[in-house]
Structures are given as C-alpha cells and as structure tokens.
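For reference, the structure discussed in these notes is given below.
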Amino acid sequence: MIEPRCFSLSSTQQSVWFDQLLSPDTPSYNIGVTVQIDGAVDPAIFAAALKWVITQYDALRLIFSESEGQAQQQVVAALESPFTFHDLRAAPDAPAQALATLTQLNRTPFALYGRPLWSMEWFQLSDTQALWNARYHHLICDGTSVGLIGQAVSATYNQMLRGEQPVIDPELAQGYQAFVAKDRAYLGSARYAKARDYWLEQFSTLPAPLFQSPVSPATQGQAQPNLTAPVPSAQAVWTLGASRLERLSQWAKTQGATLSHCLSALLAGYFSRMTDGREQLVIGLPVHNRGDALQKRTVGMFSSVLPLAVRVDGQASFAEAVQRVAHQTPRSYRHQRYPLQDLHRELRARAGHPGQLFELMLSVEQYPGDVNLGRARCTLRTWHNGYERYPLAIYLRDYEVQTEPFLEFNYDPRLFSTEQMSAHLKRLEHLTEQVLADPSRALMDYTLLDATEQHRVIQDFNATAWEYPAETSLCALFEAQVRLRPQATALQDDRQSLSYRQLDQRAEWLAGHLAAQGVKAGDKVALYLGRGAGLIVSILAILKRGAAYVPVDRDAPAAHLARVLADSGSAWLLCEHGPALSVAGVLTLDLDELPSEAPPAPPQASGANDVACVMYTSGSTGVPKGVQVPHRAITRLVRNNGFADFNAQDRIALAANPAFDASTLEIWGALLNGGCLVVCPRDTLLDAARFNEHLLRHEVSVLWLTAGLFHQFAEPLAPAFAALRYLMVGGDVLDPRRIAQVL
Numbered sequence: 001m002i003e004p005r006c007f008s009l010s011s012t013q014q015s016v017w018f019d020q021l022l023s024p025d026t027p028s029y030n031i032g033v034t035v036q037i038d039g040a041v042d043p044a045i046f047a048a049a050l051k052w053v054i055t056q057y058d059a060l061r062l063i064f065s066e067s068e069g070q071a072q073q074q075v076v077a078a079l080e081s082p083f084t085f086h087d088l089r090a091a092p093d094a095p096a097q098a099l100a101t102l103t104q105l106n107r108t109p110f111a112l113y114g115r116p117l118w119s120m121e122w123f124q125l126s127d128t129q130a131l132w133n134a135r136y137h138h139l140i141c142d143g144t145s146v147g148l149i150g151q152a153v154s155a156t157y158n159q160m161l162r163g164e165q166p167v168i169d170p171e172l173a174q175g176y177q178a179f180v181a182k183d184r185a186y187l188g189s190a191r192y193a194k195a196r197d198y199w200l201e202q203f204s205t206l207p208a209p210l211f212q213s214p215v216s217p218a219t220q221g222q223a224q225p226n227l228t229a230p231v232p233s234a235q236a237v238w239t240l241g242a243s244r245l246e247r248l249s250q251w252a253k254t255q256g257a258t259l260s261h262c263l264s265a266l267l268a269g270y271f272s273r274m275t276d277g278r279e280q281l282v283i284g285l286p287v288h289n290r291g292d293a294l295q296k297r298t299v300g301m302f303s304s305v306l307p308l309a310v311r312v313d314g315q316a317s318f319a320e321a322v323q324r325v326a327h328q329t330p331r332s333y334r335h336q337r338y339p340l341q342d343l344h345r346e347l348r349a350r351a352g353h354p355g356q357l358f359e360l361m362l363s364v365e366q367y368p369g370d371v372n373l374g375r376a377r378c379t380l381r382t383w384h385n386g387y388e389r390y391p392l393a394i395y396l397r398d399y400e401v402q403t404e405p406f407l408e409f410n411y412d413p414r415l416f417s418t419e420q421m422s423a424h425l426k427r428l429e430h431l432t433e434q435v436l437a438d439p440s441r442a443l444m445d446y447t448l449l450d451a452t453e454q455h456r457v458i459q460d461f462n463a464t465a466w467e468y469p470a471e472t473s474l475c476a477l478f479e480a481q482v483r484l485r486p487q488a489t490a491l492q493d494d495r496q497s498l499s500y501r502q503l504d505q506r507a508e509w510l511a512g513h514l515a516a517q518g519v520k521a522g523d524k525v526a527l528y529l530g531r532g533a534g535l536i537v538s539i540l541a542i543l544k545r546g547a548a549y550v551p552v553d554r555d556a557p558a559a560h561l562a563r564v565l566a567d568s569g570s571a572w573l574l575c576e577h578g579p580a581l582s583v584a585g586v587l588t589l590d591l592d593e594l595p596s597e598a599p600p601a602p603p604q605a606s607g608a609n610d611v612a613c614v615m616y617t618s619g620s621t622g623v624p625k626g627v628q629v630p631h632r633a634i635t636r637l638v639r640n641n642g643f644a645d646f647n648a649q650d651r652i653a654l655a656a657n658p659a660f661d662a663s664t665l666e667i668w669g670a671l672l673n674g675g676c677l678v679v680c681p682r683d684t685l686l687d688a689a690r691f692n693e694h695l696l697r698h699e700v701s702v703l704w705l706t707a708g709l710f711h712q713f714a715e716p717l718a719p720a721f722a723a724l725r726y727l728m729v730g731g732d733v734l735d736p737r738r739i740a741q742v743l
C-alpha cells in the first residue's frame with residue numbers, strides 16, 4: 001500500500017537517521033559526485049531537465065520531520081529545485097575558487113528536517129568549462145542512485161536538446177514509497193526470521209577489535225582515544241591501474257569469482273597476518289539491496305552493508321581462498337535485506353559492550369561514466385565528505401575509461417599513522433603482484449615486504465654493532481661505579497638499603513671467607529638464595545674470587561638441585577637462614593653463620609671472556625642444560641645495548657627468580673649503570689595490589705615480567721606501568737590485546 005502523506009522510514013533509512021542524530025554536526029552521510037564539463041551546455045535546458053527528474057523520482061521530493069521522537073517522511077507534490085548557479089567566468093582563479101567552495105559544501109552537514117536533503121551546484125568557469133556538483137544525504141540516496149540521477153539528468157537534457165519531451169513513468173514516480181511498504185512487510189515476515197537465524201548462526205558473538213591505536217613517543221603512557229567519537233578521516237590512494245585491474249578481473253572469472261571476491265580474500269589474508277593472525281576476518285561489503293526490476297531503476301536509500309566472514313587459512317592457496325569467498329558470498333547475499341543494525345543490537349546485547357562486527361569495509365564501485373550533455377565531454381570526479389563510519393574504508397574507484405582506476409583508503413588517524421598507512425599500501429601492492437604471478441601458492445608463502453622494506457628490516461634493524469666495554473670484567477665495571485658514586489643507593493628492599501660502598505664492602509667481606517674456604521678462579525659456587533641483599537653480596541663476592549656463580553631454583557625438587565650441582569661442578573653452596581640440602585661433595589656455607597671478621601682476600605683477576613655464571617634451562621624438553629655465560633655477554637646485555645638506555649637515575653625491580661636468566665638483566669642493568677636495584681619480595685609479587693603499591697612506593701622505572709604474569713596483572717598494575725620508563729615482557733607468546741590495553 002502506498003501512503004500518500006507521512007510515512008515511516010525504511011529499515012535502511014532508520015540506521016542512517018539514528019547514527020546522524022548521534023553526530024549531528026558531522027557530514028558522515030554526505031555522498032555525491034562532481035562532473036567536470038568541457039564544452040558548451042545550455043543552462044535553461046539543464047534546469048528544465050533537472051526539474052523533470054525531480055518529478056520522476058519521489059525520493060528527491062522527500063521532506064523529513066520528527067514526531068514524538070521518531071522520524072517520518074513525506075513526498076511533497078512540488079519542490080523548488082535546490083540548484084545554485086555560480087558564474088565564475090570573471091574570477092581570477094575560477095577553478096581553485098570553485099573547488100574550495102564545493103569542498104566546503106560537500107563537508108557541510110544537511111539540516112535533517114523541513115527541507116530537501118540534496119542540492120546541486122553549477123560552477124561556470126568559462127564559456128566552455130564548468131563543474132557540476134551533486135550532493136545528497138544518504139537518507140534519500142545511495143551510491144546506485146547517484147548514478148541513476150546523473151544518467152537521468154543527462155538523458156533528459158539530451159532529449160530536450162533534440163526538441164523531444166520526456167514522459168513521466170508513474171510507477172517509477174512512486175518507486176521509493178513502494179520499497180518502504182515492502183520493507184515494512186518484510187520486517188514482520190517469516191523471511192526476516194529466517195535471515196535472523198542465518199546471521200546469528202554466522203556470528204555468535206562480536207569479534208575482538210582488529211585495529212589498535214599506534215603508540216609513539218608523544219602518546220606513550222596516554223589513555224587510549226575515544227574511538228566512538230567521530231573525527232575527520234585521513235586518506236591515502238593507491239593507483240591500481242587499468243592493466244593490473246584487468247588482469248585481476250580476468251583471473252577472477254577463471255575461478256568463478258568476481259573482483260570483489262579477489263579483493264576480499266586479499267585484504268583478509270593481509271590484515272590477518274599484519275594484526276593478530278585471526279582465522280576469520282569480517283569485512284563489510286556494501287550491497288545494492290534492490291530485489292526487483294522497479295527497485296533497480298528507483299532513486300532512494302536501498303543499500304546496506306553485508307558482513308562477510310572470510311576464513312583465513314595460511315596453508316591454503318590464494319586461489320582456494322578466493323573460491324571459498326565466492327562460495328560463501330551468494331549465501332549471504334540471499335539474506336542481505338536483514339538490517340545490519342538488528343544484528344548489531346543482538347550481538348552487542350550478548351557481548352555486553354558496544355563493539356563492532358567489522359572494522360574494515362570494502363566498496364567496489366564500477367560505473368560506466370555514461371553521463372553526457374550534448375557534445376560536452378563529461379568526466380566524473382569523486383569526492384569524500386571527510387568522515388568515515390568505520391576505522392578503515394577502502395573504495396575501488398573505477399568510473400570510466402578516461403581515468404585510471406584506484407583504491408582509496410579512508411582511515412581513522414587515531415588507529416593508523418600516515419607512515420603506517422603508506423607502508424600498508426606498499427605491502428598490498430607487493431602482495432598483489434605476487435598473487436597475479438602465482439595464485440597457486442599458499443597464503444603464508446607470499447612475502448609482505450618488498451625488497452626495500454626487507455633490507456630495512458634485515459639489514460638496517462640488525463645493524464646492532466654498539467660500542468660497549470667488551471674487554472672489562474663485571475667486577476671492574478662495578479668497582480668503577482663504587483668509585484664514581486659511593487654514597488648512591490645500590491640496593492633497596494623493605495628492610496634496608498645499601499650504598500654502592502656498603503655493598504662493595506660486604507662483598508669484600510664474603511670474598512675473604514670464600515678465599516678461606518679455597519674458592520679460586522675458575523671454580524663454580526652455587527647459590528641457594530632468594531631475592532635480597534644476600535644474593536647480590538654473594539654474586540659480587542664469587543666474582544671477586546674469579547669464580548662463577550650458579551643460581552639454583554629453591555622450589556625445584558631435591559633431585560633436580562643435586563643434578564645441577566653435579567653437572568656444573570659446584571663444590572660450594574651458599575644459603576642463609578638454615579641448611580638448604582645436603583649433597584655429597586658439596587660444602588654448604590650459611591651466610592648467617594659466618595664470622596663478622598673475615599681474612600683478607602688476595603685479588604683474583606677475571607677477564608671479559610671468563611665465565612661469570614652458569615644458567616640452567618627449564619628442562620621442559622628434557623634434561624636441563626647449563627649455559628656458561630662470560631662476563632662480556634652480560635656487559636653487552638646491559639651497557640649501550642641498543643634497546644634500553646639504563647642510567648644512574650633508574651630504579652630497576654629485581655622480580656625474577658634468581659635462577660631465571662631475566663635476573664641477569666635486572667641485577668646488572670642496575671649495578672653496571674649506577675642505578676638502584678629494588679628487591680621485590682616473593683609474597684608481594686603474588687598479590688597484584690601489593691605489587692602495584694610496592695612498585696609505586698619505590699618509584700621503580702624499569703620492570704621485567706614473564707608473559708604469564710603480564711597477562712594476569714596487566715589491568716591491576718596499570719598505575720605502576722604508567723610510571724615506568726621501560727616495561728619488558730617475555731618468555732612466551734604475548735596477547736596483542738593485552739599489549740594494546742597497556743599501551
């Protein structure tokens with residue numbers, strides 16, 4: 001039934017209206033085209049043609065109003081044409097002035113109520129040159145309709161130019177009202193219910209965010225931006241070229257696929273590899289949503305966005321990926337009438353947050369460009385309103401034979417930097433060339449980096465030859481810090497703090513006792529000690545004797561400890577607070593029982609190539625293996641290393657198990673750079689609130705965590721993380737979402 005006066009919005013209009021209400025001051029839903037005209041055009045005939053087109057299409061005569069918080073629309077019988085003529089023939093720089101004016105107009109939001117939601121401007125630049133700009137609000141027009149209106153104005157102008165009078169098609173004149181009536185009936189139909197079941201079977205929940213905000217030195221430590229608030233988008237363009245586009249299109253036909261299928265598979269495979277390696281990536285595909293012959297000729301807002309779930313299998317070939325998309329798409333197309341906002345509403349209710357089903361949109365826009373006005377040559381120019389509704393919207397612009405087809409990337413600058421997007425375009429071009437050369441290869445076998453970027457990553461990034469004191473022992477470097485800053489705090493825990501001089505004096509005291517026990521250069525001394533002053537004093541004392549320390553895990557079974565002691569050749573075991581364990585052939589020394597006076601220890605010289613410590617692997621793949629670490633390697637790790645500039649102002653947490661190699665970075669990162677080593681007690685580490693308070697109270701600036709602890713404590717340690725200079729995490733695979741949360 002056609003309603004003669006006010007009637008409700010279609011489901012496709014409803015989502016646009018609601019979204020525009022949320023951001024009334026943004027032109028997010030302005031669409032249209034600019035036509036460059038070379039040749040003479042009769043302005044009176046053009047105005048008459050436009051007036052006839054307004055009469056032919058009811059959507060161009062829609063006026064919106066609001067009643068009780070709901071939008072309604074009405075087709076008015078007559079409408080004064082919102083057409084403006086600008087005569088710039090006498091202007092000194094007419095083209096620039098026209099472009100500036102139309103750009104401002106195209107980025108100006110429409111007033112939603114009481115007036116037409118479209119306008120046209122004609123800029124006469126000279127007697128034979130002009131720009132015809134058409135802009136519409138998405139409430140009354142979609143991309144297909146933009147083309148239909150341009151073709152109708154062109155055809156009508158040419159008829160009138162020939163002296164012919166066009167005839168109104170009465171069915172087409174009420175075409176959009178007919179669509180709204182059918183849409184309303186669909187929303188209460190069994191077909192709607194079937195489509196709902198299909199989409200909820202396809203998507204049981206909202207996916208995790210695909211794109212994360214980049215972090216730069218300027219934004220490090222700042223909160224993540226509010227991505228729900230619209231901001232002007234940025235743009236990058238990749239000129240695909242007619243030849244490459246033709247090759248891709250022709251190959252697609254051999255696979256029973258379309259260009260859209262190829263690009264969807266290409267983008268899904270690429271962004272899966274470039275982000276979190278997800279096995280399914282959802283792409284939004286705009287669809288015409290025109291179900292019958294009348295709708296295909298009708299101007300109005302029909303289009304919707306189809307969420308296409310693209311499965312990514314790195315072992316499958318690109319050809320197989322395209323075929324899979326080609327097989328999946330028709331099934332989804334059968335349910336394209338189902339409103340995307342309805343699906344989002346249900347999925348958001350399930351998820352409990354306002355996430356998005358997709359963040360990447362691909363629109364393939366191929367129009368013949370058959371707009372002509374008499375003998376005047378017409379060239380289409382696309383324009384963008386400056387805003388996007390999705391983080392990354394990619395448009396293939398292939399309008400006519402006069403211009404080279406290109407891919408337009410409109411992106412959220414809060415999620416992509418200019419450099420990042422430029423790199424994405426280069427990699428996509430490199431990937432496309434490989435796909436065209438051999439589509440039978442597995443997706444994982446294609447390289448994403450071209451020769452220039454490969455050289456940068458492999459050569460430039462690995463140019464890690466840094467100057468460091470490679471010929472000096474750890475003892476000599478530590479003692480240099482003692483001379484340089486004797487009163488500076490070297491070690492601090494909840495019970496005490498030791499200056500560099502005090503720490504050195506205690507190490508000399510223990511070295512004397514070790515000498516009395518026969519410890520000499522080249523020996524191995526095991527450490528059965530937890531994090532604390534005793535551990536650090538013992539390490540320094542052992543090194544002062546020219547020996548090497550062997551830290552053992554106090555939580556390991558006795559059999560494991562005995563195996564490590566035997567394998568390393570340790571003849572001594574240092575402990576505190578009572579005996580540790582009894583191992584045949586190993587002398588146990590309790591630090592608490594040693595006399596306060598120690599005999600002087602004759603100096604033992606160590607070289608940079610001598611073994612400083614023996615660290616054992618976890619043994620997860622078999623028997624733990626000992627690794628002999630020379631002084632030089634530890635120095636290389638913490639002095640001028642190229643990744644962390646430790647300095648005398650740093651307060652580095654000692655949080656790792658002493659038997660774990662990360663403790664080497666913590667201990668020596670502080671002591672060889674004049675910093676302070678802050679001991680983190682074991683019971684504090686296991687309590688997130690206490691750990692956070694401990695780090696803040698001791699003003700820790702450098703922290704190393706295992707991946708497991710980082711994942712577990714990322715949220716509760718956020719205040720402490722914000723105060724750090726360096727947060728280092730390793731030992732296992734990291735969750736990108738946790739990293740993004742912290743950044």
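In terms of my numbering, the sequence shown opens at residue 1 and continues consecutively.
Glycine included, C-beta positions come from ideal geometry on N, C-alpha and C.
Remember, it's a predicted structure, so these values are computed and weren't measured experimentally.
In this structure, the beta-carbon distance from ILE283 to LEU267 falls below 8 angstroms. Residue pairing by DSSP places TRP238 opposite LEU407 in a beta bridge. Within the region 336-401, the complete beta strand (DSSP E) runs of at least 3 residues fall at 360-366, 377-382 and 392-398. Of the residues LEU248, MET361 and VAL552, the one whose Cα lies closest to the Cα of ALA319 is LEU248. Here HIS335 has ALA195 and TYR198 as same chain residues with Cβ atoms under 6 angstroms from its own Cβ, once five neighbours each way along the sequence are excluded. Judged by beta-carbon spacing, PHE85 lies beyond the 8 angstroms limit of TRP132, meaning their Cβ atoms are not closer than that value. For GLN159, no beta strand (DSSP E) encloses it; the enclosing alpha helix (DSSP H) starts and ends at 143-161. Under the three-state reduction of DSSP output, THR101 falls in the helix class. The continuous beta strand (DSSP E) containing PHE64 extends over residues 62-67. Linking SER663 to ALA656 through their CA atoms gives a straight-line distance of about 5 angstroms.
Beta bridge pairing from DSSP links PHE646 with no other residue. The secondary-structure analysis by DSSP pairs TRP199 with nothing; it has no beta-bridge partner.
Setting aside the 5 residues that flank it on each side, ALA208 is surrounded in the same chain by ARG737, each with a C-beta closer than 7 angstroms to its C-beta; the list follows chain order. For the set GLN20, GLY175 and LEU591, the Cα lying nearest the Cα of ASP292 is the one of GLY175. In this structure, the straight-line span from the alpha carbon of HIS430 to that of ARG184 is close to 47 angstroms. Between ALA516 and PRO599 a beta carbon distance of about 5 angstroms is seen, short of the 8 angstroms cut, so the two are scored as contacting.
Given a length threshold of 3 residues, each whole run of the beta strand (DSSP E) inside the region 256-344 is given here in chain order: 280-287 and 304-311.
Pairing ARG107 with ASN385 gives a Cβ-Cβ distance under 8 angstroms. Under the three-state reduction of DSSP output, ASN462 falls in the coil class, being neither helix nor strand.
Counting only the Cα atoms, ALA740 lies some 49 angstroms from ASP93. Residues LEU695, LEU696, GLU699, VAL700 and SER701 of the same chain have their beta carbon placed closer than 8 angstroms to that of ALA723, with the five preceding and five following residues left out of the count. Shown here, VAL180 sits in a helix according to DSSP, grouped into three states. Rounded to the nearest angstrom, the gap between the Cα atoms of LEU498 and ILE652 is 15 angstroms. The beta carbon of ILE63 sits closer than 6 angstroms to those of GLN74 and VAL76, all from its chain and outside the five residues before and after it, given in chain order.
Residues of the same chain with a CB within less than 7 angstroms of the CB of PRO95, apart from the 5 flanking positions on each side, are LEU125 in chain order. Note that the region 528-539 touches the region 491-506; at least 3 beta-carbon pairs, one per stretch, sit closer than 8 angstroms. DSSP lists ASP590 as the bridge partner or partners of CYS575. Nearest in C-alpha terms to LYS51, of all of VAL729, PHE83, ALA40 and ALA71, is PHE83. Counted as a single uninterrupted DSSP element, the alpha helix (DSSP H) harbouring ALA670 occupies residues 662-671. It is roughly 4 angstroms from the alpha-carbon of GLY626 to the alpha-carbon of TYR616. Restricting attention to CYS475, THR205, SER204 and LEU294, the CA atom closest to the CA of ILE536 is found in CYS475. Inside the region 9-74, DSSP marks whole beta strand (DSSP E) runs of 3 or more residues at positions 30-38 and 62-67, from first to last along the chain. Residue pairing by DSSP places ASN133 opposite THR34 and GLU121 in a beta bridge. Beta-bridge partners of GLY730 (DSSP): THR706.
Residues of the same chain with a CB within less than 8 angstroms of the CB of LEU565, apart from the 5 flanking positions on each side, are ALA526, VAL550, VAL552, LEU573, VAL583 and VAL586 in chain order. As the crow flies, the alpha-carbon of HIS577 is around 37 angstroms from that of ASN641.
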